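What follows is a short report on a single structure.
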Amino acid sequence: MTISAAASFTTSDKSFTRSYETHKIRKGRGTSKTFYPIVFNDIMGLEEGTDCGICAEDIKLAMMGHVKEGYTFNHQTSLTERDPGYNPTPTPDDRVHVLVCVLSANSAEITDSVLQKMKEVREMARDLGIPQMVVVTNIDGACAETEKDLKNVYKSKYLKKKMTDFSSAVGIPMNCIFPVKNYYEETDLDNVIDTLILSALKHVIDFGDDFIEKM
Ligand SMILES: Nc1nc2c(ncn2[C@@H]2O[C@H](COP(=O)(O)OP(=O)(O)OP(=O)(O)O)[C@@H](O)[C@H]2O)c(=O)[nH]1
Ligand SMILES: [Mg+2]
């Protein structure tokens, strides 16, 4: 259990994550502290609000490695070469190796403006050759059967529909969409929760690995 990426605890539709931040997974402690060779970069969400809604162009710049750690996204304008948050000379490590879209199974219909941005981002990733996948979160609260027993995840008609609808709306194949439940109230680890998260993570790593091989 770790509390690395700050998550917001309100149910408002406002975006909580504002800046570009790298999250690492620690291995060992003290002098034997190292990190696993995979990192996650979190960005502001796509949904538009009074002061949120990342520009699709910023996601493209991030994928190319041009966004510096700690850069605070501006929902009105995208990053430019003149900005101190712009990295003009990205290394292969600064580049993105897999694009993961996180979607809540609990949310209402995805708005047209978000779908449009997703389409743009997908096309940019395709042009850059970056593999794409989707993680569907909140599967516990979205369906009574999975709430009762998480093992029912692949039996849930509701989740299946949510995933097929999303697959056809944005054109991501079903075998690139992974349902997970995140830890949020539990204080101890649980094998079923871990199985889903680790299955998604295994695919993230495999897809990323395929991309690195081609780089
Ligand atoms: N029940 C349940 N709650 C979840 C799950 N995933 C996340 N949450 C909760 O949902 C809330 C929002 O999570 P965040 O990580 O802030 O979501 P986010 O998509 O990063 O939101 P922004 O940063 O605003 O774009 C937090 O209170 C989480 O604990 C899940 O799978 N199940
Ligand atoms: Mg966030």
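Each residue of the sequence shown is one higher than the one before, starting from 1215 at the first, in the numbering used here. Glycine is no exception: its CB is placed at the ideal position from the N, C-alpha and C atoms. What you are looking at is a predicted structure, and each value in this text was computed from that prediction instead of being measured.
Report task. Compute the Euclidean distance between the alpha carbons of K1274 and I1268, then round it to the nearest angstrom. Result -> 11 Å
Query raised in the report: Which partner residues does T1248 have in the DSSP bridge list?
Result: K1241
Query raised in the report: Closest to N1389 by CA distance: which of E1427, V1350, T1401 is it?
Result: V1350
Report task. Have a look at F1254, D1408, P1251 and flag the residue whose alpha-carbon is nearest the alpha-carbon of K1365. Result -> D1408
**Report entry** Pair within 8 Å by beta-carbon distance, S1433 and E1262
**Finding:** Here the chain has residues from 1215 to 1429 only, and residue 1433 is not among them.
Query raised in the report: Is the CB-CB distance between N1255 and H1280 below 8 Å?
Result: Remark: C-beta atoms of N1255 and H1280 do not approach each other more closely than 8 Å.
Query raised in the report: How about K1395: is its Cβ closer than 7 Å to a heavy atom in ligand 3?
Result: The model depicted lacks ligand 3 and carries ligand 1 and ligand 2 instead.
Query raised in the report: Can you name, in chain order, every residue of its own chain whose Cβ lies under 6 Å from the Cβ of E1334, other than the five neighbours on each side?
Result: Taken in chain order, the residues that qualify are A1270.
Report task. Verify the contact flag: A1276, CB atom, against every heavy atom of ligand 2, threshold strictly below 7 Å. Result -> no
Report task. Compute every distance between the C-beta of D1354 and the non-hydrogen atoms of ligand 1, then say whether any falls below 7 Å. Result -> yes
Query raised in the report: Any chance the region 1390-1400 sits against the region 1346-1363, with 3 or more Cβ pairs inside 8 Å?
Result: yes
Requested in this report: Using three-state DSSP, classify F1254 as helix, strand or coil.
Outcome: strand
Query raised in the report: Which value, in whole angstroms, describes the spacing of the CA atoms of K1241 and M1215?
Result: Looking at the backbone, the Cα of K1241 and that of M1215 are separated by about 13 Å.
Requested in this report: Could you tell me whether the region 1307-1321 touches the region 1335-1348, where touching means 3 or more Cβ pairs closer than 8 Å?
Outcome: Yes, since at least three Cβ pairs between the region 1307-1321 and the region 1335-1348 fall closer than 8 Å, the two stretches touch.
**Report entry** Buried versus exposed call for F1380 [16 or more other C-beta atoms within 10 Å across all chains shown]
**Finding:** buried
Report task. Using beta-carbon positions only, say whether L1373 and P1387 come within less than 8 Å of one another. Result -> no
Report task. Check the DSSP bridge columns for I1391 and list the partner residues they point to. Result -> Residue pairing from DSSP places I1391 in a beta bridge opposite V1348.
Query raised in the report: Mind checking whether the beta-carbon of Y1372 lies closer than 7 Å to any heavy atom of ligand 1?
Result: Distances taken from the Cβ of Y1372 to the heavy atoms of ligand 1 include none shorter than 7 Å.
Query raised in the report: What's the call for K1331, buried or exposed, on a 16-neighbour Cβ count within 10 Å?
Result: buried
Query raised in the report: In this structure, what does DSSP give as the bridge partners for D1313?
Result: Note that residue 1313 corresponds to Leu in the displayed sequence, not to Asp. According to DSSP, which records beta bridges pairwise, L1313 is partnered with Q1346.
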